[in-house]
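Read the structure below first, then the notes.
This is how it looks when you write it as structure tokens:
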């Protein structure tokens with residue numbers, strides 16, 4: 028991820044966030060513009076947010092330009108390497124058996140489910156259920 032202050036970070040599951048260098052605003056704009064082109068979209072001050080799935084690897088990209096941020100920023104989120112069964116979330120204490128049963132029931136009934144929580148937690152994997 029690139030923060031608006033120009034600092035790059037890599038976040039790995041189980042390892043936290045580590046600094047990975049810096050990037051100039053011009054270079055960040057070039058990255059965001061290149062991704063927008065690959066997504067067959069446009070990004071500028073009128074449309075300062077670009078979000079989509081990268082054509083290679085299927086990773087998620089979100090880029091932001093001024094005026095929604097002070098300087099360009101973006102994140103790239105890798106696809107999960109494997110699906111984690113609800114039983115694993117129960118076993119590791121991430122959720123209770125009651126919560127898992129509620130999710131299973133909602134999925135079976137094809138109900139809409141809203142999942143919220145901290146960044147880099149189980150939300151994304153749960154969305155894949």
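In the numbering used here, the protein residues as written are 28 to 156.
Glycine included, each C-beta is placed from N, C-alpha and C at the ideal position.
Could you pull the DSSP bridge partners for residue 104 from this structure? Residue 104 is bridged by DSSP to 87.
Look up residue 135 in the DSSP assignment and say whether it is helix, strand or coil. DSSP places residue 135 in helix when its eight states are reduced to three.
Cutoff 7 Å: residue 44 Cβ touching any chain D Cβ: Of the protein chains in the structure, only one exists, and it is not chain D.
Which first and last residues belong to the alpha helix (DSSP H) in which residue 98 is found? Element bounds for residue 98: n/a, residue is neither H nor E.
Touch test, the stretch 80 to 90 against the stretch 57 to 69, Cβ-Cβ under 8 Å, three pairs minimum: Under the 8 Å Cβ criterion, the stretch 80 to 90 counts as touching the stretch 57 to 69, having at least three qualifying pairs.
Alpha carbon to alpha carbon, how far is residue 43 from residue 104? Give it in angstroms, no decimals. Cα to Cα, the separation comes out at about 14 Å.
From 83, 52, 54 and 36, pick the residue whose C-alpha is nearest to that of residue 46; which is it? Just measuring C-alpha positions, the residue of 83, 52, 54 and 36 sitting nearest residue 46 is 36.
Collapsed DSSP secondary structure at residue 44 in the structure displayed: DSSP places residue 44 in strand when its eight states are reduced to three.
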